[in-house]
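Here the sequence shown stands for residues 233 to 493, where the numbers follow our numbering.
Just so it is clear, CB atoms sit at the ideal spot from N, CA and C, and this is done for glycine as well.
Just so you know, these numbers come straight off a predicted model, no measurement behind them.
Everything on this sheet refers to the single structure shown next.
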Amino acid sequence: MSDSLHLTRNGPILEITLDRPKANAIDAKTSFAMGEAFLNFRDDPELRVAIITGGGEKFFSAGWDLKAAAEGEAPDADFGPGGFAGLTEIFDLDKPVIAAVNGYAFGGGFELALAADFIVCAENASFALPEAKLGIVPDSGGVLRLPKLLPPAIVNEMVMTGRRMSAEEALRWGIVNRVVSQGELMDSARELAQQLVNSAPLAIAALKEIYRTTSEMTVEEGYRYIRSGVLKHYPSVLHSEDALEGPQAFAEKRDPVWKGR
């Protein structure tokens with residue numbers, strides 16, 4: 233694993249800290265290491281939730297390492313099987329990821345956060361996609377994911393002018409889940425992670441699968457699709473041990489013990 237990444241396992245929760253000098257910028261080597269971490273998280277049955285954050289208190293990530301770019305690394309370089317920052321092109325990850333944004337999330341750093349399922353950010357965090365001002369485009373998900381979250385006028389301003397969005401504005405638009413003080417950031421992310429661990433893993437996987445496959449469908453089309461039997465996780469949930477355990481635990485007034493099957 234790269235020296236730029238620090239991995240910490242807290243039971244079923246994996247914490248990934250990006251810690252590189254000069255703004256936690258990401259080059260191809262670091263991106264490969266991040267991809268390895270996220271793919272290992274995906275495939276490890278003992279891990280349930282991942283938290284990605286940046287080292288320090290100023291930068292979550294400034295995105296693509298422009299020093300590496302100046303030295304010849306191309307915008308379309310191979311950034312690994314998970315895409316840029318290791319997460320932006322993993323489309324079969326049925327476990328939740330929380331981005332704990334501790335500071336500036338610019339360019340690919342913002343795209344990394346957008347690829348997560350939840351964003352918890354510090355009050356000093358801000359978000360921007362300044363690629364057009366550098367002669368490139370935010371094609372690691374920014375230009376695809378942001379229009380699903382914001383009105384076209386706001387998206388156009390952000391991607392074409394690179395204007396910054398504060399943490400509070402991001403909260404008003406519903407891009408982030410929580411805004412907390414810098415000192416409370418990781419505790420808040422861990423609290424959310426534990427809430428996710430308390431939910432049944434098969435149900436979480438089914439929800440992510442349904443979101444992913446039906447997002448462009450009408451409600452009627454979505455109903456028909458999820459009942460057609462083509463999904464992997466939804467049918468499994470209906471006939472799982474966990475589907476029996478949940479009501480049983482409720483009736484017995486105890487916490488459920490999930491088996492993931």
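- Message: Tell me the DSSP secondary structure of R422 in three-state form.
- Response: As a working note, residue 422 is residue 190 in the sequence shown. R422: helix per DSSP, three-state reduction.
- To which residues of the same chain is A437 closer than 6 Å at the C-beta, ignoring the five residues directly before and after it? The residue labelled residue 437 in the question sits at position 205 within the sequence shown. Around A437, the same chain offers D326 and H465 as residues with beta carbons nearer than 6 Å, after the five sequence neighbours per side are excluded.
- Message: Taking 9 Å as the threshold (C-beta atoms), are L424 and G489 in contact?
- Response: For the purposes of this step, residue 489 is taken as residue 257 along the sequence shown, with counting starting at 1. For the purposes of this step, residue 424 is taken as residue 192 along the sequence shown, with counting starting at 1. The residue asked about is misnamed: residue 489 is Val in this sequence, not Gly. It is not a contact, given that the beta carbons lie outside the stated cut-off.
- How many angstroms separate the CA atom of L463 from the CA atom of P253? Here residue 463 is taken as the residue at index 231 of the sequence shown, counted from 1. Here residue 253 is taken as the residue at index 21 of the sequence shown, counted from 1. Their backbone Cα atoms lie some 43 Å apart in a straight line.
- Task: May I ask you to list the residues that DSSP assigns as paired with A331?
- Result: Position 99 of the sequence shown, counted from the start, is the residue given in the question as residue 331. Paired residue(s): I284 and I351.
- Query: In angstroms, rounded to a whole number, what distance separates the CA positions of D310 and L271?
  - Reply: Indexing the sequence shown from 1 puts residue 310 at position 78. Indexing the sequence shown from 1 puts residue 271 at position 39. Taking the straight line from one Cα to the other gives about 16 Å.
- Query: At what residue ranges does the segment 372–430 contain a whole run of the beta strand (DSSP E), taking only runs of 3 or more?
  - Reply: Taken in chain order, the complete beta strand (DSSP E) segments of 3 or more residues contained in the segment 372–430 are 410–412.
- Item | C-alpha gap between K491 and P479, whole angstroms | Translated into the one-based positions of the sequence shown, residue 491 becomes position 259. Translated into the one-based positions of the sequence shown, residue 479 becomes position 247. Approximately 14 Å, taken between the alpha carbons.
- Task: Can you grab the Cα-Cα spacing for the pair D331 / F350, in whole Å?
- Result: On the sequence shown, residue 331 is found 99 positions in, with the first residue counted as 1. On the sequence shown, residue 350 is found 118 positions in, with the first residue counted as 1. At residue 331 the sequence reads Ala, which differs from the Asp that was named. In a straight line, the C-alpha of A331 is about 6 Å away from that of F350.
- When the Cα of H238 is compared with those of P244, T262 and A255, which residue comes out closest? For the purposes of this step, residue 238 is identified with residue 6 of the sequence shown, where counting begins at 1. For H238, the nearest C-alpha among the options comes from T262.
- Mind checking A483: buried by the 16 CB within 10 Å criterion, or exposed? Here residue 483 is taken as the residue at index 251 of the sequence shown, counted from 1. Exposed: under 16 other Cβ atoms inside 10 Å.
- Query: What are the boundary residues of the beta strand (DSSP E) that includes S263?
  - Reply: Counting from one through the sequence shown, the residue named residue 263 turns up at place 31. S263 -> not in any beta strand (DSSP E); alpha helix (DSSP H) instead, spanning A260 to D275.
- Message: Please state whether the Cβ-Cβ distance between W296 and G339 is less than 9 Å.
- Response: Looking up residue 296 in the sequence shown gives position 64. Looking up residue 339 in the sequence shown gives position 107. Yes; because the gap between Cβ atoms is below 9 Å, this pair is in contact.
- Message: According to DSSP, simplified to helix, strand and coil, what is L361?
- Response: Looking up residue 361 in the sequence shown gives position 129. DSSP places L361 in coil when its eight states are reduced to three.
- Task: With distances taken Cα to Cα, identify the nearest neighbour of A294 among A360, A306, I283 and V329.
- Result: Translated into the one-based positions of the sequence shown, residue 294 becomes position 62. It is A360.
- Message: If distances are taken between C-alpha atoms only, which option among P362, G288 and R280 comes closest to L417?
- Response: Here residue 417 is taken as the residue at index 185 of the sequence shown, counted from 1. Of P362, G288 and R280, the residue nearest in Cα terms is G288.
- Message: What does the alpha-carbon distance come out to for the pair V408 and A399?
- Response: If you number the sequence shown from 1, residue 408 lands on position 176. If you number the sequence shown from 1, residue 399 lands on position 167. Straight-line Cα distance between these residues: approximately 8 Å.
- Message: Does T285 pass the burial test, meaning 16 or more other C-beta atoms within 10 Å, or should it be called exposed?
- Response: As a first step, residue 285 must be located in the sequence shown, where it is residue number 53. Looking at its Cβ environment, which holds 16 or more other Cβ atoms inside 10 Å, T285 is buried.
- What residue from R377, G341, A348 and N334 has the CA that sits closest to N356's CA? Walking along the sequence shown from the start, residue 356 turns up at place 124. Taking only the C-alpha atoms, the option nearest N356 is N334.
- Are the CB atoms of A421 and R377 nearer to each other than 9 Å? Here residue 421 refers to the residue found at position 189 of the sequence shown. Here residue 377 refers to the residue found at position 145 of the sequence shown. The answer is no: Cβ separation not under 9 Å.
- Does the distance from the C-beta atom of S472 to that of L434 stay below 9 Å? Looking up residue 472 in the sequence shown gives position 240. Looking up residue 434 in the sequence shown gives position 202. In this structure, L434 lies closer than 9 Å to S472 by Cβ.
- Would you report the Cα separation of I258 and I368, rounded to the nearest angstrom? Counting from one through the sequence shown, the residue named residue 258 turns up at place 26. Counting from one through the sequence shown, the residue named residue 368 turns up at place 136. So the two alpha carbons sit approximately 16 Å from each other.
- Query: Going by the beta-carbon positions, is the gap between M397 and W405 smaller than 9 Å?
  - Reply: Here residue 397 refers to the residue found at position 165 of the sequence shown. Here residue 405 refers to the residue found at position 173 of the sequence shown. In contact: M397 and W405 (Cβ atoms closer than 9 Å).
- Measuring CA to CA, which of R395, A337, L382 and Y336 is closest to A364? The sequence position of residue 364 within the sequence shown is 132, counting from 1. Ranking the options by Cα distance to A364, first place goes to R395.
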